[in-house]
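Count along the sequence shown from 1, then add 7; that gives the number in my numbering. Cβ atoms here follow ideal geometry from the backbone N, Cα and C, with glycine treated the same way. Owing to the predicted nature of the structure, the values given are computational and were not obtained by experimental measurement. Input: a single structure, listed below in structure tokens.
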Amino acid sequence: MSTPKDLKYFFSGSILLGFSSVYSLLIPLIIIPYIIGVVGLGNYGLSVIAFSTTFFLSLIVDYGYNISGVNSISKSKMDIEKSSIIIKAFHTKAILFIITIALFSLSVFVAPYLRDNIKLFLFSLFIPLSSVFNLNWALQGLQMIKELSLITVLNKTVYLIGVFWVIKQPEDYIYINFIFGLGVLITGVLSFFLIKKKIKILWVSFRYFEFLKELSGSTHYFVSNISLYISTNLYPILLNLFVSNEIVGVFAAIEKIYNVLRAPFSIYINLMLPRVSRLMEESIRKGIQLVKKTYIFVGCFIVILIALVWSFQEPLIEYFVKDYVLLSRKLLHIALFGLFLVIFNCPVYLLLLALDEKKLIMKAFLLIPLIGILSCLPLAKFYGAEGVFYSIVLVELLYVVFLNKIFYDRRNVPRERT
């Protein structure tokens with residue numbers, strides 16, 4: 008049974024992360040219209056494609072530590088163990104970054120598109136570089152919610168100031184992703200010193216067998232993250248095969264709204280995963296009860312949010328895009344339906360993460376994005392940007408079905424462990 012302390016953690020953490028997240032949500036509302044107004048929809052579409060590409064590289068660098076690292080730290084009792092996890096993660100990420108740079112360098116020779124936009128992609132490589140220093144997962148695992156909220160606000164502030172300071176003419180679109188990565192890098196370094204105040208950080212020498220061990224422990228979540236990336240960030244690239252950069256820019260703007268509206272789900276998982284994971288070590292039933300008592304607030308909030316966006320869709324859309332308003336409205340309607348579906352898979356996904364069912368999660372996150380991509384290509388060809396959002400809705404629906412089926416098929420396992 009959840010304790011008052013657990014509920015206090017949920018509500019206080021929700022307020023802190025909620026505040027930082029609301030701030031983060033406001034930044035795109037300010038930045039995107041400004042960027043599109045300065046660089047144009049076409050150049051913005053190019054920056055989105057570069058972001059999607061280099062964000063893929065950052066997922067290779069992260070290698071699933073946003074989940075495996077949180078689980079490991081939250082279950083560790085000794086500071087020396089926590090310190091070792093953080094340093095080994097840094098070693099692993101640094102090596103993976105070097106590998107991704109090598110892969111990118113080879114790709115330049117075989118991909119004319121990369122050569123034609125080489126400056127944009129070189130500046131965008133700051134995104135995977137910043138992933139080496141990103142310690143949000145460590146703050147989350149250590150349950151340093153105040154510090155995590157501070158880092159989130161500072162990160163977005165650097166991005167906000169950088170955009171208005173640097174982006175002054177159409178040619179400046181090549182710096183958009185660089186500024187994004189710079190914010191993550193700066194706050195990542197600050198995170199290290201904040202963590203150092205909480206626990207004693209002891210440097211651990213790099214060992215090759217430890218590197219392989221780290222990769223092995225995070226592989227399933229890495230594959231899951233890559234698959235999740237495919238189901239979201241690859242869509243602009245696929246859409247660009249059939250439509251103009253301007254339409255890609257419109258799609259990206261509405262997709263940004265969709266991802267912003269999805270943020271409460273990520274906040275809930277980031278907040279509750281360390282707590283639920285630790286409770287699951289004692290009793291599966293306790294973890295499930297805590298999720299039931301807390302998630303009801305998230306579900307109600309999302310329903311209210313959908314109603315508000317639907318009611319104020321016209322000014323919201325016109326704020327982001329001045330052209331293609333009718334298309335933007337259609338895309339937003341489809342996106343809101345997809346958002347409603349996410350309500351039914353978020354709590355089950357959290358429980359599966361806490362149970363460390365990484366093999367089952369990996370299977371689901373391999374199959375579903377593949378179906379999404381296979382459906383996206385013909386849908387995008389015949390229906391354009393609307394077809395891509397139909398594919399996104401299909402993916403969300405499949406997650407609801409598959410994740411719930413996986414969890415309830417495994418319902419006897421919690422009883423044995425309780």
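Asked, Found
"Sequence-distant residues of its chain with Cβ nearer than 8 angstroms to residue 394 (five each side left out)", "383, 385, 386, 387 and 388"
"Coarse secondary structure for residue 214, derived from DSSP in three states", "coil"
"Span separating the alpha-carbon of residue 304 from that of residue 324", "27 angstroms"
"Nearest-angstrom Cα separation, counted from residue 55 out to residue 37", "17 angstroms"
"Opening and closing residue of the alpha helix (DSSP H) in which residue 272 lies", "252 to 289"
"Residue 64 to residue 234 span [Cα, whole Å]", "13 angstroms"
"Cβ neighbour criterion (16 or more within 10 Å) applied to residue 353", "buried"
"Cβ-heavy atom distance, residue 54 to the ligand MG, below 7 angstroms", "The ligand MG is not part of the structure shown, which contains no ligands of any sort."
"Contact under 8 angstroms by Cβ, residue 103 with residue 67", "yes"
"Member of 260, 195, 241 and 276 whose CA lies at the smallest distance from the CA of residue 93", "195"
"For residue 118, the three-state DSSP class (helix, strand or coil)", "coil"
"Inter-residue Cα distance where the pair is residue 263 and residue 399", "13 angstroms"
"Nearest-angstrom Cβ-Cβ length linking residue 363 and residue 73, presumed shorter than 8 angstroms", "14 angstroms between Cβ atoms; not a contact."
"Exposure label - residue 375; buried when at least 16 CB within 10 Å", "buried"
"Buried versus exposed call for residue 57 [16 or more other C-beta atoms within 10 Å across all chains shown]", "buried"
"Close Cβ partners of residue 175 (< 8 angstroms) along its chain, the five nearest in sequence each way excluded", "45"
"C-beta contact flag for residue 151 and residue 201 at 8 angstroms", "yes"
"Length at least 4, wholly inside the segment 32 to 112: the alpha helix (DSSP H) runs in chain order", "72 to 82"
"Cα-Cα separation between residue 360 and residue 284, rounded to whole angstroms", "8 angstroms"
"Backbone CA spacing between residue 60 and residue 392 [nearest angstrom]", "19 angstroms"
"Beta-carbon gap between residue 184 and residue 130 smaller than 8 angstroms", "yes"
"Cα-Cα separation between residue 423 and residue 292, rounded to whole angstroms", "Because residue 423 sits at a pLDDT of 43, beneath the cut-off of 50, its placement in the model cannot be relied upon, and the following sentence gives the value as read from the coordinates. For residue 423 and residue 292, the distance between alpha carbons rounds to 11 angstroms."
"Local conformation of residue 169 per DSSP, three classes", "helix"
"Through-space distance from residue 51 to residue 171, alpha-carbon basis", "15 angstroms"
"Nearest neighbour of residue 226, chosen from 396, 69, 401 and 356 [CA to CA]", "69"
"Close Cβ partners of residue 407 (< 7 angstroms) along its chain, the five nearest in sequence each way excluded", "348, 351 and 352"
"N-terminal and C-terminal residue of the alpha helix (DSSP H) that residue 364 is part of", "Unbroken run through residue 364: none, as it is neither H nor E."
"Extent of the continuous alpha helix (DSSP H) to which residue 408 belongs", "392 to 416"
"Status (buried if at least 16 other CB within 10 Å, exposed otherwise) for residue 288", "exposed"
"Backbone CA spacing between residue 425 and residue 189 [nearest angstrom]", "Per-residue confidence for residue 425 stands at a pLDDT of 40, beneath the threshold of 50, marking its modelled position as unreliable; the derived number appears in the next sentence. Rounded to the nearest angstrom, the two C-alpha atoms are 45 angstroms apart."
"Simplified DSSP state of residue 8, which is helix, strand or coil", "Residue placement at residue 8 is poorly supported in this model, since its pLDDT is 49, which falls under 50; the coordinates still yield a value, given next. Residue 8 falls in the coil class under three-state DSSP."
"For residue 328, the three-state DSSP class (helix, strand or coil)", "coil"
"Opening and closing residue of the alpha helix (DSSP H) in which residue 319 lies", "Note, residue 319: premise wrong, no alpha helix (DSSP H); not H, not E."
"Residue 315 versus residue 254 - alpha carbon distance", "26 angstroms"
"Spatial neighbours of residue 250 in its chain, beta-carbon cut-off 6 angstroms, leaving aside the 5 residues before and after", "391"
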